[in-house]
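Top line first, the protein sequences correspond to chains D and Y. Its first residue numbered 293, the first sequence is counted upward by one per residue in our numbering. Its first residue numbered 7, the second sequence is counted upward by one per residue in our numbering. To keep things clear, I will list the structure first and then write my remarks on it.
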Amino acid sequence: MVEWTDFERATIQDIFSKMDYEAVGPAALSRCLVVYPWTQRYFGNFGNLYNAAAIIENPMVAKHGITILHGLDRALKNMDNIKETYAELSVLHSEKLHVDPDNFRLLADCLTIVVAARWGKAFTGDVQAAFQKFLTVVVFSLGRQYH
Amino acid sequence: MLSEKEKKLIAEILERLTPVAEDIGSDALLRMFVTFPGSKTYFSHLDISPRSAHLLSHGKKIVLAIAEGAKDISQLTVTLAPLQTLHAYQLRIDPGNFKLFSHCMLVTLACHMGDDFTPVAHAAIDKYLSAFAAVLAEKYR
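Written as structure tokens, this is what we have:
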């Protein structure tokens, strides 16, 4: 089981309580599709992903970004049981969506960078470490049921 | 693969960072030490506490080398030749750490540049840092 320090719990809750889901979700997913273009393979039916501007303005990308970000709320409310929390979603991503679990890490990195850009200097090394630890656990849990 | 546009963007961004190389470099290093503690093992002989002289000078060295390489990316192998030898035969830092540092550089840039660190800029710099790391590790084996 993952051990969280008080600082980590408080920091992670703080980051999400200040999160503008409608802005950060779309920004993180679109950034991932721009920086790692091969991830577009999973979004063949999302319409125009032809260039960075198109991706950033794509309403389906935006909507999905918000959905994904809210998906993290579950882990937030169950920090002591993240693996179980995502068991079903892991099976879904493996057996139905066929997403290479490496992509979860890429998206997590993009999310970190979007949050960092919004927080600026307040996103210290300690805050980054706590946030990345949380995302690492989520990423691991989402990949856990692949076989 | 870097387009001409991207090379230009990279050179521009890194030129702007050169005057604050110390701050950017030490910030990225510190983030790496906190987020990926294994990376600290290469610095047991230095004082890497926040704002220490060692951390500032080391951070500055790294960012200036990255900026220098950006001036002519097609010549990276030539520009980095001495650093390649240093890392391969003396420092022998596991190249996995280059990725970790690159990630922390990106986070530092995001904090520093805010909205100016657009997805296109992010992609360009990420590609450059990957190329830089690959060239740096070329003499390892």
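Cβ atoms here follow ideal geometry from the backbone N, Cα and C, with glycine treated the same way. As the structure is a computational prediction, the values presented were derived from the model and not from experiment.
Where residue i sits in the DSSP three-state scheme
i             : result
residue 143/Y : coil
residue 54/Y  : coil
residue 403/D : helix
residue 341/D : coil
residue 125/Y : helix
residue 297/D : coil
residue 416/D : coil
residue 336/D : coil
residue 101/Y : coil
residue 9/Y   : coil
residue 391/D : coil
residue 437/D : coil
residue 119/Y : helix
residue 33/Y  : helix
residue 310/D : coil
residue 14/Y  : helix
residue 78/Y  : coil
residue 378/D : coil
residue 95/Y  : helix
residue 365/D : helix
residue 372/D : coil
Distance between beta carbons of residue j and residue i, contact taken as under 8 Å
i             : j             : result
residue 76/Y  : residue 16/Y  : 5 Å
residue 341/D : residue 350/D : 7 Å
residue 244/D : residue 407/D : The requested residue 244/D is not part of the displayed model; chain D covers only 293 to 439.
residue 65/Y  : residue 116/Y : Actually they do not touch by this definition, with Cβ atoms about 17 Å apart.
residue 109/Y : residue 401/D : 6 Å
residue 348/D : residue 125/Y : 7 Å
residue 127/Y : residue 101/Y : Actually they are not in contact, since the Cβ atoms of residue 127/Y and residue 101/Y sit about 25 Å apart, beyond 8 Å.
Whether residue i touches residue j by CB criterion (8 Å)
i             : j             : result
residue 331/D : residue 398/D : yes
residue 61/Y  : residue 36/Y  : yes
residue 45/Y  : residue 103/Y : yes
residue 131/Y : residue 112/Y : yes
residue 129/Y : residue 430/D : no
residue 334/D : residue 368/D : no
residue 69/Y  : residue 23/Y  : yes
residue 322/D : residue 357/D : yes
residue 293/D : residue 394/D : no
residue 378/D : residue 433/D : yes
residue 352/D : residue 336/D : no
residue 305/D : residue 41/Y  : no
residue 134/Y : residue 94/Y  : no
residue 403/D : residue 320/D : yes
residue 90/Y  : residue 142/Y : yes
residue 73/Y  : residue 27/Y  : yes
residue 386/D : residue 313/D : no
residue 79/Y  : residue 11/Y  : no
residue 318/D : residue 344/D : no
residue 409/D : residue 123/Y : yes
residue 114/Y : residue 54/Y  : no
residue 137/Y : residue 82/Y  : yes
The ligand FAD heavy atom lying under 7 Å from the CB of residue i
i             : result
residue 378/D : No copy of the ligand FAD appears in this structure; indeed no ligand is present at all.
* With 7 Å as the C-beta to C-beta threshold (strictly closer), list the residues of the stretch 101–135 of chain Y near chain D in chain order. => 109, 112, 113, 116, 117, 120, 121, 123, 125, 126, 128, 129 and 132
* Can you give me, in chain order, the residues of the stretch 321–340 of chain D that have a beta carbon less than 7 Å from any beta carbon in chain Y? => 322, 323, 326 and 327
* Relative to chain D, which residues along the stretch 21–51 of chain Y have a C-beta separation below 7 Å, given in chain order? -> 36, 37, 40 and 41
* What residues in the stretch 423–434 of chain D have a beta carbon less than 7 Å from any beta carbon of chain Y? -> 424
* Asked: When you check each C-beta in the stretch 395–410 of chain D against every C-beta of chain Y, which residues fall closer than 9 Å?
  -> 401, 402, 404, 405, 406, 407, 408, 409 and 410
* Asked: According to a CB-to-CB cut-off of less than 8 Å, which residues of the stretch 348–367 of chain D neighbour chain Y?
  -> 348
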